[in-house]
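I have placed the structure first, in the form of structure tokens, so that the comments after it can refer back to it.
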Amino acid sequence: MKISVYCGANVGNNENFALSANKLGKLIAKTGNILVYGAGKIGLMGLLAEAALSLDCEVIGVMPEFLTHGERVHNGLSKLTIVETMAERKKILFESDMYIALPGGVGTLEEISEAYSGVRLGLSNSRCVLLNIDGYYNEFIAYLDRMVENGFLSQKDRDILEVYNSVEQLGENL
Numbered sequence: 275m276k277i278s279v280y281c282g283a284n285v286g287n288n289e290n291f292a293l294s295a296n297k298l299g300k301l302i303a304k305t306g307n308i309l310v311y312g313a314g315k316i317g318l319m320g321l322l323a324e325a326a327l328s329l330d331c332e333v334i335g336v337m338p339e340f341l342t343h344g345e346r347v348h349n350g351l352s353k354l355t356i357v358e359t360m361a362e363r364k365k366i367l368f369e370s371d372m373y374i375a376l377p378g379g380v381g382t383l384e385e386i387s388e389a390y391s392g393v394r395l396g397l398s399n400s401r402c403v404l405l406n407i408d409g410y411y412n413e414f415i416a417y418l419d420r421m422v423e424n425g426f427l428s429q430k431d432r433d434i435l436e437v438y439n440s441v442e443q444l445g446e447n448l
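Numbers 275 to 448, taken from the numbering used here, label the letters of the sequence shown in order.
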């Protein structure tokens with residue numbers, strides 16, 4: 275199974291974010307899955323990839339050409355695909371069987387939201403998962419619940435987005 279993971283190009287200021295990226299990379303590897311991600315070697319992205327690669331996991335990175343300058347690209351991946359645009363990157367990541375968001379910035383939020391929306395619209399039947407490490411996504415989850423309360427999102431569609439508070443909890447449901 276291909277699992278796309280969206281996460282920060284920074285590590286954040288909570289050590290549990292980094293620990294969770296490491297655990298998730300190892301979980302994907304140990305369960306015989308393929309990691310697909312943004313091809314970065316820095317931040318949570320880099321930690322995730324290194325953990326998966328350390329257990330001989332197939333790791334596919336997808337990065338737009340304009341981000342390849344400097345030291346951002348992980349050169350030890352099983353496969354690296356360079357694309358022209360962010361839209362092309364997201365399209366390739368969307369071809370996975372599961373989407374997982376670790377903590378990250380607005381790019382991470384955009385990516386998991388677009389994947390979630392695609393599943394809601396019937397463009398994919400893949401699973402969508404938020405890893406809500408130390409409550410990182412609490413406000414986003416509350417916002418989705420408010421959409422349900424106000425009639426902008428059905429409960430059925432709200433339930434498409436699975437929420438787990440730890441990698442271990444996700445592992446029990448993988």
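Using N, Cα and C, we set each Cβ at its ideal position, and we do this for glycine too. The model shown is predicted, which means the values in this text are computed figures rather than measured ones.
Whole-number beta carbon distance between residue 367 and residue 294, since they are thought to touch under 8 Å: Position 20 of the sequence shown, counting from 1, holds the residue named residue 294. Position 93 of the sequence shown, counting from 1, holds the residue named residue 367. So it is not a contact: roughly 19 Å between Cβ atoms.
Among 302, 343, 317, the one whose alpha carbon lies nearest that of residue 289: In the sequence shown, the residue the question calls residue 289 occupies position 15. The alpha carbon of residue 289 has as its nearest neighbour, out of 302, 343, 317, the alpha carbon of 317.
Where residue 315 sits in the DSSP three-state scheme: Locating residue 315 in the sequence shown gives position 41, where the first residue counts as 1. Under the three-state reduction of DSSP output, residue 315 falls in the coil class, being neither helix nor strand.
Ordered list of alpha helix (DSSP H) runs contained in the region 314-377, each at least 4 residues: The alpha helix (DSSP H) runs of length 4 or more contained entirely in the region 314-377 are, from start to end of the chain, 317-328, 360-368.
Rounded distance between the beta-carbons of residue 348 and residue 313, thought under 8 Å: In the sequence shown, counting from the first residue as 1, residue 313 sits at position 39. In the sequence shown, counting from the first residue as 1, residue 348 sits at position 74. Residue 348 and residue 313 do touch by the CB rule: their CB atoms are close to 6 Å apart, below 8 Å.
Which listed residue (315, 304, 297) has its alpha carbon closest to that of residue 350: The residue you call residue 350 lines up with position 76 of the sequence shown. Here the closest residue by C-alpha is 315.
Pair within 8 Å by beta-carbon distance, residue 395 and residue 374: Counted from its first residue, the sequence shown places residue 395 at position 121. Counted from its first residue, the sequence shown places residue 374 at position 100. The criterion of a C-beta distance shorter than 8 Å is not satisfied by residue 395 and residue 374.
Option nearest residue 322 by Cα separation, candidates 340, 356, 378: The residue you call residue 322 lines up with position 48 of the sequence shown. Cα-wise, what sits closest to residue 322 is 378.
Simplified DSSP state of residue 403, which is helix, strand or coil: Residue mapping note: residue 403 aligns to position 129 of the sequence shown, counting from 1. Residue 403: strand per DSSP, three-state reduction.
Span of the beta strand (DSSP E), counted from its first residue to its last, around residue 285: Against the sequence shown, residue 285 aligns to sequence position 11. For residue 285, no beta strand (DSSP E) run applies, since DSSP gives it neither H nor E.
CB-CB length for residue 436 against residue 403, believed under 8 Å: Start at 1 with the first residue of the sequence shown, and residue 436 comes out as number 162. Start at 1 with the first residue of the sequence shown, and residue 403 comes out as number 129. Cβ atoms of residue 436 and residue 403 come within 8 Å of each other, at about 5 Å.
Sequence-distant residues of the same chain with beta carbon closer than 8 Å to residue 311, five excluded per side: Start at 1 with the first residue of the sequence shown, and residue 311 comes out as number 37. The beta carbon of residue 311 lies closer than 8 Å to those of 278, 279, 280, 281, 319, 322, 323, 333, 334, 335, 336, 367 in the same chain, with the five residues before and after it left out.
For residue 278, three-class secondary structure by DSSP: As a position in the sequence shown, residue 278 is number 4, starting the count at 1. In the structure shown, residue 278 sits in a strand (DSSP, three-state: E or B).
Rounded straight-line distance, which links the Cα of residue 364 to that of residue 339: Within the sequence shown, numbered from 1, the residue matching residue 339 stands at position 65. Within the sequence shown, numbered from 1, the residue matching residue 364 stands at position 90. For residue 339 and residue 364, the distance between alpha carbons rounds to 14 Å.
Member of 424, 299, 418 whose CA lies at the smallest distance from the CA of residue 276: By 1-based counting over the sequence shown, the position of residue 276 is 2. The residue with the shortest Cα to Cα distance from residue 276 is 299.
Reduced DSSP category for residue 411 - H, G, I as helix; E, B as strand; rest coil: As a working mapping, residue 411 is identified with position 137 in the sequence shown. In the structure shown, residue 411 sits in coil (DSSP, three-state: anything other than H, G, I, E or B).
DSSP beta-bridge partners of residue 435: Here residue 435 is taken as the residue at index 161 of the sequence shown, counted from 1. Answer by DSSP bridge pairing, in chain order: 402.
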